[in-house]
Amino acid sequence: MPSADLGILDLPHGARPDPDEFIRAAMRWHFDPQTGSPFWLELAPGLGFDPLSDVKTLADLSLFPDVAGRMRDVRIRDLIPQGYGSRPPIAGVFESGGTTGGPKRVVVLEDWFERLLAWSDANLDAHGFGCGTDWLGLVPTGPHFVGEFFRRSAARRGGLAFAVDLDPRWVKKLIASGRGADAGGYAEHLIAQAVDVLRTQQIGVLAVTPPLMERLAADEELAVLIDERVGGIRWGGTQMDPDSRAMYRAEVFPNVALCGNYGSTMMLGVAGERPGLGEQDPCVFEPLAPWVTFSVVDPQTRLPVAYGERGRVVVSHVSRSFLLPNSLERDLATRIRPHEDFPGGDWVADIAPVAVFEDERVIEGVY
Numbered sequence: 031m032p033s034a035d036l037g038i039l040d041l042p043h044g045a046r047p048d049p050d051e052f053i054r055a056a057m058r059w060h061f062d063p064q065t066g067s068p069f070w071l072e073l074a075p076g077l078g079f080d081p082l083s084d085v086k087t088l089a090d091l092s093l094f095p096d097v098a099g100r101m102r103d104v105r106i107r108d109l110i111p112q113g114y115g116s117r118p119p120i121a122g123v124f125e126s127g128g129t130t131g132g133p134k135r136v137v138v139l140e141d142w143f144e145r146l147l148a149w150s151d152a153n154l155d156a157h158g159f160g161c162g163t164d165w166l167g168l169v170p171t172g173p174h175f176v177g178e179f180f181r182r183s184a185a186r187r188g189g190l191a192f193a194v195d196l197d198p199r200w201v202k203k204l205i206a207s208g209r210g211a212d213a214g215g216y217a218e219h220l221i222a223q224a225v226d227v228l229r230t231q232q233i234g235v236l237a238v239t240p241p242l243m244e245r246l247a248a249d250e251e252l253a254v255l256i257d258e259r260v261g262g263i264r265w266g267g268t269q270m271d272p273d274s275r276a277m278y279r280a281e282v283f284p285n286v287a288l289c290g291n292y293g294s295t296m297m298l299g300v301a302g303e304r305p306g307l308g309e310q311d312p313c314v315f316e317p318l319a320p321w322v323t324f325s326v327v328d329p330q331t332r333l334p335v336a337y338g339e340r341g342r343v344v345v346s347h348v349s350r351s352f353l354l355p356n357s358l359e360r361d362l363a364t365r366i367r368p369h370e371d372f373p374g375g376d377w378v379a380d381i382a383p384v385a386v387f388e389d390e391r392v393i394e395g396v397y
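Read left to right, the sequence shown gives residues 31 to 397 (this note's numbering).
Right, here's the structure in full:
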């Protein structure tokens, strides 16, 4: 079982551990034969370096190979650290949207979910979202992390969760096969269900993807209803361009708090829009560091681009419950310099998908 010096992995919400000390503790946990997961213990001898002696800083996570692709066929129980014992507290097994091939799978433990929710709760407070109101989510449910995140977020803030079941894989399949009209019809089917809830229930928070938000805003009567009755909109799943974001804030939903998320299955969560941004500022996302960190790199050299320049997003998830470092995402972003007291990695802005990822054309659809 873990020694006392690994307590840095379990610091309460709001604590900011030294990132390098945190990384060293995480390596001791994940590569100890008594506590590490079968997946990483099996990979360790072939890594070409020793995580226990060579990974001493946050920057050293770049030594790891990108193993995100292995999440498509890994035996999911092999990802659970053995230090949790024979009955680990599982929050769920979740899958990616299958944008670039078969879905990838991760397992999320309760301690990580609780940490993420506490951080998310504070971010919503900072954006002026109230408590005690009910939520409506036009987000993927089923095997997707965001659906469970939506449900737990609503409950944590004293709300009931009304959900419209969104299947992103079906939309992407329709678009890929040239059935754009059918994809549009499916989106209207989702909107019709949302309208029914919005007109019959007191919804205080709307969780929605930008493509579906655009369809809601296109109905002038519905847009007025949302602006009058909904206190906050939390958007995410696909990118939102700066002009659209400014228009929603100033013209379409001027009385609604607007807050973006940038997330993926491989980071086991989301990064939140930084509070206090001006109308002309880019939408900057900051992750829950040092547990989740970003770097923005040249995809050919994997070296960081200059601040203010665009590159590919690399995500590292390092927590007690899961390890997935140095994972190249399918997104482009502008590298933003974080504040000096930020515990590691970059901030990112102006997220946009690459055209091709893992030799597959990227199709976003409604998510």
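Backbone N, C-alpha and C fix where the C-beta goes; we use that ideal spot for every residue, glycine too.
Bear in mind the structure is a predicted one, so any value in this text is a computation, not a measurement.
- Excluding the 5 residues flanking it on each side, D84 has same chain C-beta neighbours closer than 8 Å at D90, L93, in chain order.
- When DSSP states are grouped into helix, strand and coil, I38 belongs to the helix group.
- Residue range 287-294 is occupied by the beta strand (DSSP E) that includes N291.
- Counting only unbroken stretches of 4 or more residues, the alpha helix (DSSP H) elements lying wholly within the segment 195-226 are 198-206, in sequence order.
- Taking C-beta atoms under 8 Å as the contact rule, R102 and P133 qualify, at a distance of about 7 Å.
- The continuous beta strand (DSSP E) containing D164 extends over residues 164-170.
- Non-local beta-carbon contacts of G341 in its own chain, meaning distances under 6 Å to residues more than five positions away in sequence, involve V326, V327, D328, V335 in chain order.
- The secondary-structure analysis by DSSP pairs A55 with nothing; it has no beta-bridge partner.
- Of all alpha-carbon atoms in P111, V282, R46, the one lying nearest the alpha-carbon of R245 is that of V282.
- Remark: three or more beta-carbon pairs, one from each stretch, lie closer than 8 Å, so the segment 148-164 and the segment 279-296 are flagged as touching.
- Of all alpha-carbon atoms in D151, L354, A211, the one lying nearest the alpha-carbon of G189 is that of D151.
- Under the three-pair Cβ rule at 8 Å, the segment 233-252 does not count as touching the segment 348-360.
- Of all alpha-carbon atoms in G127, G44, A280, R332, the one lying nearest the alpha-carbon of D197 is that of G127.
- The Cβ-Cβ distance between H43 and R145 falls below 8 Å.
- R350 carries a coil assignment under DSSP once its states are collapsed to helix, strand and coil.
- In the displayed model, G99 falls within a helix according to three-state DSSP.
- Taking the Cα positions, L82 is about 31 Å away from I366.
- Within the DSSP bridge table, the entry for S357 names V345 as partners.
- Look at E309 here: in three-state DSSP terms it is coil, with no helix or strand label.
- Boundaries of the beta strand (DSSP E) harbouring P383: 377-383, taken from the DSSP string.
- Judged by DSSP secondary structure, V123 falls outside any alpha helix (DSSP H) and instead within the beta strand (DSSP E) spanning 120-125.
- A direct Cα-Cα distance of roughly 13 Å separates F52 from L318.
- Residues of the same chain with a CB within less than 6 Å of the CB of A191, apart from the 5 flanking positions on each side, are W165, R181, A184 in chain order.
- Under the three-state reduction of DSSP output, E339 falls in the coil class, being neither helix nor strand.
- Setting aside the 5 residues that flank it on each side, Q269 is surrounded in the same chain by I381, A382, each with a C-beta closer than 6 Å to its C-beta; the list follows chain order.
- For the pair Y114 and R58, the Cα-to-Cα distance works out to about 15 Å.
- In terms of Cβ geometry, G122 and E178 form a close pair [threshold 8 Å].
- Straight-line measurement puts the Cα of F61 at about 11 Å from the Cα of P75.
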